[in-house]
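Peer 1: This is the structure I want to talk about, given as structure tokens.
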Amino acid sequence: MDTAEKIAEEHVFKHVPGMDSAQNIETVYADSLTPKAFYSQYVAQNRPCLIKGAIKHWPAMEKWRSPEYLLEKCHDVPTPHYPHMNYESPERMGERREVRPFHEVLEMLQSSDTGILSAPSVVLSEKPFDVLSTDTDGYPFLPNPKPPIAYPKSRAFMYKGAGTGWHFHVTDETLMSQVVGTKKVGLLPPDKLTDDLVFDAFKADAYLENGTCFDASRASQLKPYTAMVEPGDAMYIPPFWWHGIEPTDDNFGITVAQCWRSPLHVMGDLSYPTVRKIWKKGYTELGKVTFLITGLGIASLVAQAWRFISKPFRT
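The sequence shown lines up with residues 25 to 339 when you count with this note's numbering.
What follows is the structure, encoded as structure tokens:
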């Protein structure tokens with residue numbers, strides 16, 4: 025099987041209803057995006073957007089295009105990699121996992137003989153890959169973000185032809201920043217209709233085989249969005265939004281996922297099916313997580329009430 029056939033076999037969007045007619049996600053430009061506008065119009069409202077030019081100032085935009093530079097920084101670092109896309113199913117994702125020195129993985133990522141390859145565990149905010157973190161220079165519209173709760177603060181995905189299956193984040197905000205290569209992102213809103221239609225199919229990666237996993241009588245009601253994330257751009261992906269990702273070619277690419285803590289009023293918003301499921305699981309399977317959910321839930325409800333009360337005074 026050649027690379028093109030293998031990529032088609034793992035097509036993230038092919039069988040998802042509505043992707044052919046998906047609306048473009050809202051686009052904004054980093055040069056004119058203030059911290060206040062980014063928070064109030066997008067983060068606080070749990071609303072995704074494509075930010076053009078978000079990381080054009082990063083040293084990584086030039087340095088990471090050089091294999092020699094990457095080798096100098098990370099030559100022998102043990103690097104997990106997978107000969108397939110990034111699956112949602114943990115069992116499927118773990119298949120054929122290998123760990124090799126970084127220089128061997130980088131060589132495979134750049135080889136024309138390599139099919140699909142994913143190295144999604146280059147955590148820039150922790151040793152040993154933190155040697156690359158100085159090449160990522162933050163975002164002007166996001167000063168002093170709070171540390172994330174569940175995900176690494178900064179994580180690079182190095183890949184060749186590898187997409188990422190549909191999934192959502194249970195907490196934490198994400199900026200998917202494209203350093204090398206271009207990716208297409210699909211998104212589905214975190215409402216009950218979407219959750220009912222896609223949850224089981226996406227969690228089991230069943231949609232990769234065919235579209236029969238979706239309820240045909242309601243599939244046309246799915247309303248996906250899409251965006252093309254080019255080098256220098258960042259895609260803001262809020263929690264609870266389903267999203268799948270495909271590279272536009274089978275060349276070597278690098279994506280950086282930057283995460284930070286979600287606002288309290290978002291984390292415990294019971295209007296989202298995902299939040300209701302988390303609460304239900306926490307109280308039907310009693311344990312330490314039950315106390316965590318209770319504490320965060322109370323704090324979130326207070327934050328939501330304060331936002332409602334203070335709304336007339338916000339400008």
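Cβ atoms here follow ideal geometry from the backbone N, Cα and C, with glycine treated the same way.
(1) Are there 16 or more other CB atoms within 10 angstroms of the CB of residue 315, so buried, or fewer, so exposed?
(2) Who are residue 181's beta bridge partners in DSSP?
(3) So who's on the other strand from residue 254, going by DSSP bridges?
(4) Counting pairs of beta carbons, one from the region 132 to 150 and one from the region 213 to 223, are three or more of them closer than 8 Å?
(5) Could you name each continuous beta strand (DSSP E) segment of 3 residues or more that falls completely within the region 173 to 228, going from the start of the chain to the end?
(6) Enumerate in chain order the residues of its own chain whose CB-to-CB distance from residue 84 is below 6 Å, with the five nearest sequence positions on each side excluded.
(7) Tell me the rounded alpha-carbon separation between residue 309 and residue 299.
(8) Identify the continuous beta strand (DSSP E) that holds residue 146 and give its terminal residues.
(9) When DSSP builds the beta bridges, which residues end up paired with residue 76?
(10) Whose C-alpha, out of 237, 266, 261, 105, is nearest the C-alpha of residue 214?
(11) Alpha carbon to alpha carbon, how far is residue 96 from residue 127?
(12) Would you mind working out which of 197, 209, 191, 235 sits nearest residue 223, comparing C-alpha positions?
(13) State buried or exposed for residue 329, treating a residue as buried only when at least 16 other CB atoms are found within 10 Å of its CB.
(14) With a cut-off of 8 Å, do at least 3 Cβ pairs link the region 51 to 65 to the region 171 to 183?
(15) Among residues of its own chain, excluding the 5 on either side of residue 331, which ones have a beta-carbon nearer than 7 Å to its beta-carbon?
(16) From residue 170 to residue 76, what distance separates their C-alpha atoms?
(17) Residue ranges of each beta strand (DSSP E) run of no fewer than 3 residues wholly in the region 77 to 159, ordered along the chain?
Peer 2: The relevant details are as follows:
(1) exposed
(2) According to DSSP, residue 181 bridges with 279.
(3) Looking at the DSSP assignment, residue 254 forms no beta bridge with any residue, so it has no partner.
(4) no
(5) 178 to 184, 188 to 191, 197 to 204, 207 to 212
(6) Taken in chain order, the residues that qualify are 159, 160, 203.
(7) Taking the straight line joining both Cα atoms gives about 15 Å.
(8) 141 to 147 is the span of the beta strand (DSSP E), which, as asked, contains residue 146.
(9) 53
(10) 266
(11) 9 Å
(12) 191
(13) exposed
(14) no
(15) 289
(16) 23 Å
(17) 102 to 105, 122 to 125, 141 to 147
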